[in-house]
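Below is one structure, written out as structure tokens; the observations come after it.
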């Protein structure tokens, strides 16, 4: 039997790697993928909690998280496309017209 | 909701309507809205009077503005005997003066604005007298002050008018500071600002003291004196009297309504309203009595030699207000309020007559340039004459009864300074009669001394002006009949109604004197009144050259009086000029030392510099935003877990 | 297996909202005048508000609760929606983005807020939050040809997704600890099993605090707000500055006082520095702004700081004063934005603070209205903003947080500087150029509503406060 | 032991793949590594008796979302993209923050106390099959969130169309 802690630590590690990507990557699409990574980390912990608590709520929540992630990706990528049309880049550095 | 709540709000509605629609739509008809509203308030005030006469006092909260813990601020009305008297005075004078203004302000470019302010003033004054708590009183107090400020400076293109407005505003700040502090101390002491609990608990704290810098301060004396500061400012008592004569720069109806009949009496009203507090402090009462007595003498002597028609009446007002304080100070609050009530009629009448004269003379105010006006303006003459008889205390007229009541209560009351202030009061009665008739004789009798043009132009004022004069004249004659002293009343079968009426709120101390003494006091007051009139007749009708000679012989005294004891100059010397000097030299000196700059400009600019620096954190880059969020999370997690 | 029909009365307002939004989406295809859609949504708001008043109850197995608290917030959302719809059409025409989906999306966003306010289960809370957020992302990026609008949308979206991930991580931890996602069950489990001191519970709670702080734009999780507010279409800025913030407070209040009620001492330790920082950064940075939308963005950050005081107090008086303040804030803030919108004309942004110079001379009415809103935002009596602040601060003092209130008063004094600067520019400066106002009956109506609300609530605050106090008794 | 070995493999691969996703310079490579990562996560779900979740992980995440990402990545000018610096210069600071967070959170994980055990034991799920159990719950107990999720998808469709498709200037 694999202890729950292993899963939780794995989840935390993936979450933090995702966060690291979000903090450091300069390409919007990769930043987006980093967020997806964080969501996947949450899903891992939810599914493992569900398994160990013998409960279905975690699975239900994961189902919704994936749905929302899909919706978020659709909108996010649509925004990136319209951004790309105005300014031929997906680079965050170019996106500081507003600051201060 | 109680319909009496409409009393102040009708004028407020008139104000709102006039200010919103006056300029474009109402224009020449602006007065209708205001007059109807004020008349409506008058009707309701009479209904309230009937109600109170029937033995009801009404105390209700209209709505609570805020309530937090023990601190409650609400609009609430207390309608008792004192309030009702004030209501009648305010609404009656206000209505008549509104009507008078129709004629007086006719053709003025800011017609609607004038009526709007007048209505706003009426609203504030009614809020002031109807309040059932100190905060609302303060609201009304500042409200009337603000309206007064607007209306004094009504002819804002005229420098003297806007200066006078500013002066009134600044001088009143001194008084209101004390007043505000007083309300604060009331709140600290009683935990509430409502009259009812404050006054009922005041008795229990009669001996309370608190230690301030090593001195034991008597709490009630402190509160009373702080509140009295407000009175001194608003009612133009020494040393804050300087603004009232200057306030005459405003339109005459304003002088009549605000600076004679109503607003300036708010100070007296305040003392009467807080009589449960004042009565607990002998010191405070003595201060009130002496301030009143000295002011009345001081102002009356100045009035003797002034030549400006409205200023004479203004000094007369200051003097009469002093009388009222004198009454309150000897514990005769009823007499003070009674005098307030009769004074409102004859003084408003005097001002309106003055306005009528100005109207005829084309704005001329110097009585040395008038004369023989009785021929041209009989109504004005007759009414002003009656008003002057009334203020001089001629038996049977309103002023006689109230003045006599005050003098008798001063003489026979328990106040340690009673006899002294009685003597001053009697002297002032003589002076009052003298300068009042000096005014009448110089204005209406003798030969006309103005220009030919003016003489040609002389005419009686229109009906809308003379009718209020006549109505007020009725008041100046008959208003006193509700307070006929027992001495006379017993013989003709009437009571001193007003004293009985007011007894539940103000009490009615009995004089400690015999009937004979009372008779003597009364006769003396009649005698000095007649003497004053006689002297004026002698000096200005029989021997018109005498005043100039006297002025020459007593030139030192004359100059002091003519220059109003140099108080304005004194203030200019000890307050205004040093203030300007300090502003000019010291402040600039410190600015050079960059202290003020550091404090005044430095703090905002330091914050601004800090702000500009801080702005750099907001780089516009998402990773930085996320990094700061993550740092925030880390710090919070670390704090919470390592705690 | 028999399936019992759930009680639909409590969700009736939400159902109607959904229906209307879908009808709008379809009607968009046939209706050429897009303002008609706005008008339709206004009518629906009337119906929904009516339904709201009779919607009390719990349904869907305790996942959705309609109580006084949620109803009060939903009324704020309705006011927010109505005012936004009123100020939008002219702006959309001016900016040539007059698409019908705009109205449907504002409705969906509002629906998300309503679900958040009513959520008694973290799953519903999360989905409501995402519904609101996704609709708002699209609305923020609605001016597709404008780089600033794109930038606002992408920043809001990415940082919002980041915050959602944190929220979900917190959710997964609390689920693992308590085996449930129902807020009340969580509270019960925590108290019965002595979890109050568990470090993992702390971490979970912190993650919730962070995610909600993001939604209400509290420092240091506020960074998205100025950029998103500046770039978004102005009516949406107004919408975002009230709706999502109110919804954020709704869930913050419910989650922290219901689910984490037993660890109040711990979360107030977290929220106090956040509140102080929020007031400080919001007010100080607003000082040096030159763009009015950005200034109002920082101002809205600062106001979130004030409102946090009520949550920190945690007493019924504190929560009700938050509700009260949010209600007042909705009117005064949208009112100010309505003026900003009026200055926008084709080819003239009117977003620079210096554009307000001399407005008192050229457009006295607009200037007077702006003055009222600025006074109210500063908290000068008798405007409503004063009453709101007064009750907030009093509740915090009564709960024993006097020193934070002193800090709050200090920062609110600083705030006077930048609010009154606008007033000063309007009245003390000469107009540089003649500015045309882009008015419409809708904006006029919105301004009339907001200004009368600001003044009336200032003079007669008791009604709203009583409603707010009544609203918190249910929880 | 076998289980632990399996877990070891998956955990190792997931972490390595995650690191590859966030550190690769070429966005196309990142997407490809992520695809592989998602398959591994799906494998982990199977391991945890969540077949349906594993299936949608592959179908929705890998099949739909990632492909969408790939489309967009390919829209970009890759050559120019590759010439730019991909990782912010401040990455050590970010690394420190994230590492510190990881340490604190894992330290807190040590305090985990098992929550209450529910009725969906492994056997119960096996007898009903995971898909059926989840479906039944979604359409009964969780009908309400399920409907909200449908609205979210609707908003996503409408939003994507508004932002990306419509012609400018109506």
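Residue numbers (this note's numbering), protein chains in the order written: chain A, 308 to 407; chain B, 8 to 650; chain C, 5 to 479; chain D, 34 to 203. Glycine included, C-beta positions come from ideal geometry on N, C-alpha and C.
query = What residues from chain B crowd round residue 372 (chain A), counting only those whose CB sits closer than 7 Å?
reply = Correct list: empty, because the minimum Cβ distance to chain B is about 20 Å.
inquiry  = For a contact defined as C-beta to C-beta under 8 Å, what are the partners of residue 626 (chain B) on chain D?
reply    = By Cβ distance, chain D contributes nothing, its closest Cβ being about 11 Å from residue 626 (chain B), past 8 Å.
task = List the residues of chain C whose Cβ lies closer than 8 Å to the Cβ of residue 636 (chain B), in chain order.
result = Listed along chain C are 163, 166, 167, 214, 218, 224, 225, 227, each with a C-beta nearer than 8 Å to that of residue 636 (chain B).
ask   = Listing by chain order, which chain A residues have their CB less than 7 Å from the CB of residue 154 (chain C)?
value = Against chain A, the beta carbon of residue 154 (chain C) has neighbours under 7 Å at 386, 389, 390, 393, listed in chain order.
message = At the level of alpha carbons, what is the spacing between residue 266 (chain B) and residue 328 (chain B)?
response = CA-CA distance, residue 266 (chain B) to residue 328 (chain B), rounds to 11 Å.
request  = Kindly list the residues whose CB is nearer than 7 Å to the CB of residue 442 (chain C), restricted to its own chain and excluding five residues on each side of it in sequence; keep chain order.
outcome  = Result list for residue 442 (chain C): 94, 98, 346, 348, 349, in chain order.
key: Start and end residues, beta strand (DSSP E) containing residue 78 (chain B)   = Per DSSP, residue 78 (chain B) belongs to the beta strand (DSSP E) from 78-86.
task = Excluding the 5 residues preceding and the 5 following residue 113 (chain C) in the sequence, name in chain order all residues of the same chain whose CB lies nearer than 6 Å to its CB.
result = So the qualifying residues of the chain are 136, 139, 140.
request  = Tell me whether the beta-carbon of residue 296 (chain C) lies closer than 8 Å to the beta-carbon of residue 400 (chain C).
outcome  = Taking 8 Å as the cut-off, the beta carbon of residue 296 (chain C) is found no closer than this to the beta carbon of residue 400 (chain C).
task = State yes or no: is the C-beta of residue 342 (chain B) within less than 8 Å of the C-beta of residue 409 (chain B)?
result = For residue 342 (chain B) and residue 409 (chain B), yes; Cβs fall inside 8 Å.
request  = Determine whether the Cβ of residue 617 (chain B) lies closer than 8 Å to any Cβ atom of chain C.
outcome  = Taking Cβ atoms only, chain C reaches closer than 8 Å to residue 617 (chain B), which makes this a yes.
Simplified DSSP assignment, three categories, for residue 149 (chain C) = Coil.
ask   = Which residues mark the beginning and the end of the alpha helix (DSSP H) in which residue 69 (chain C) is found?
value = Per DSSP, residue 69 (chain C) lies in no alpha helix (DSSP H) segment; the continuous beta strand (DSSP E) that holds it begins and ends at 68-70.
query = What is the DSSP secondary structure of residue 550 (chain B), counted as helix, strand or coil?
reply = Residue 550 (chain B): coil per DSSP, three-state reduction.
task = Just the C-alpha distance for residue 651 (chain B) and residue 141 (chain B), rounded to the nearest angstrom, thanks.
result = The structure shown does not extend to residue 651 (chain B), since chain B spans only 8 to 650, so no value can be given for it.
query = Who are the near neighbours of residue 49 (chain D) in its chain, counting only those whose CB is closer than 6 Å to its CB and skipping five residues on each side?
reply = Once the five neighbours on either side are set aside, residue 49 (chain D) has no close Cβ partner at all.
ask   = At a cut of 8 Å, does the stretch 108-118 of chain B reach the stretch 31-42 of chain B through at least three beta carbon pairs?
value = Counting Cβ pairs under 8 Å, three or more are found: they touch.
key: Below-8 Å beta-carbon distance, residue 34 (chain D) vs any chain A residue   = Cβ-Cβ to chain A under 8 Å: no for residue 34 (chain D).
inquiry  = Measuring CB atoms only, is the stretch 144-155 of chain C touching the stretch 260-272 of chain C, in the sense that at least three cross pairs come out at less than 8 Å?
reply    = Not touching, per the Cβ criterion.
task = Identify whether residue 401 (chain C) lies in helix, strand or coil by the three-state DSSP scheme.
result = If DSSP states are grouped into helix, strand and coil, residue 401 (chain C) belongs with the helices.
inquiry  = So with CB distances below 7 Å, who are the chain A contacts of residue 151 (chain C)?
reply    = Under the 7 Å cutoff, chain A gives 393, 394, 404.
ask   = In chain order, what residues of the same chain have a beta carbon less than 6 Å from the beta carbon of residue 63 (chain B), not counting five sequence neighbours either side?
value = So the list is empty, once near-sequence residues are dropped.
ask   = Looking at chain D, which residues of the stretch 379-404 of chain C have a Cβ within less than 7 Å of any of its Cβ atoms?
value = For the stretch 379-404 of chain C, the beta-carbon criterion of a distance under 7 Å to any beta-carbon of chain D is satisfied by none of its residues.
task = State the start and end residues of the unbroken alpha helix (DSSP H) segment that holds residue 411 (chain B).
result = Note, residue 411 (chain B): alpha helix (DSSP H), 405-419.
key: Coil, strand or helix - residue 22 (chain C) by DSSP   = Residue 22 (chain C): helix per DSSP, three-state reduction.
request  = Anything in the stretch 153-178 of chain D with a Cβ closer than 7 Å to a Cβ of chain A? List those residues in chain order, please.
outcome  = Considering only beta carbons, the part of the stretch 153-178 of chain D lying closer than 7 Å to chain A consists of 153, 154, 166, 167, 170, 171, 175, 178, in chain order.
ask   = What's the gap between the Cα of residue 549 (chain B) and the Cα of residue 189 (chain B)?
value = Counting only the Cα atoms, residue 189 (chain B) lies some 53 Å from residue 549 (chain B).
query = Using DSSP with H/G/I as helix, E/B as strand and the rest coil, what is residue 319 (chain B)?
reply = Residue 319 (chain B): helix per DSSP, three-state reduction.
query = At what residue ranges does the stretch 217-256 of chain B contain a whole run of the alpha helix (DSSP H), taking only runs of 4 or more?
reply = Complete alpha helix (DSSP H) runs here, min 4: 226-241, 250-253.
query = Buried or exposed: residue 8 (chain B), going by 16 or more other Cβ atoms within 10 Å of its Cβ?
reply = Bear in mind that the predicted position of residue 8 (chain B) carries a pLDDT of just 49, short of 50, making it unreliable; the figure below should be weighed with that in mind. The residue is exposed, with fewer than 16 neighbouring Cβ atoms inside 10 Å.
query = Leaving out the 5 sequence neighbours to the left and right, which residues in its chain are closer than 6 Å to residue 328 (chain A) when beta-carbon positions are compared?
reply = Apart from sequence neighbours up to five positions away, the residues of its chain that approach residue 328 (chain A) with a beta-carbon distance below 6 Å are 341, ordered along the chain.
Interface residues of chain B facing residue 329 (chain A) [CB-CB closer than 8 Å] = Counting only Cβ-Cβ distances below 8 Å, residue 329 (chain A) has contacts in chain B at 630, 633, in chain order.
ask   = By Cβ distance, which residues of its chain are closer than 8 Å to residue 428 (chain B), with the 5 residues on each side in sequence left out?
value = Taken in chain order, the residues that qualify are 296, 297, 299, 300, 333, 336, 337, 417, 422.
message = Just to make sure I have the definition right: I need the residues of chain C whose C-beta is within less than 7 Å of the C-beta of residue 199 (chain B). Which are they?
response = Result: empty, since nearest Cβ-Cβ is about 17 Å, beyond 7 Å.
inquiry  = According to DSSP, simplified to helix, strand and coil, what is residue 203 (chain D)?
reply    = For residue 203 (chain D), the pLDDT reaches just 46, beneath the cut-off of 50, and the residue's location in the model is therefore unreliable, leaving the point undetermined.
For residue 176 (chain D) and residue 63 (chain C), the rounded distance between their alpha carbons = Near 12 Å, if we compare the C-alpha coordinates of residue 176 (chain D) and residue 63 (chain C).
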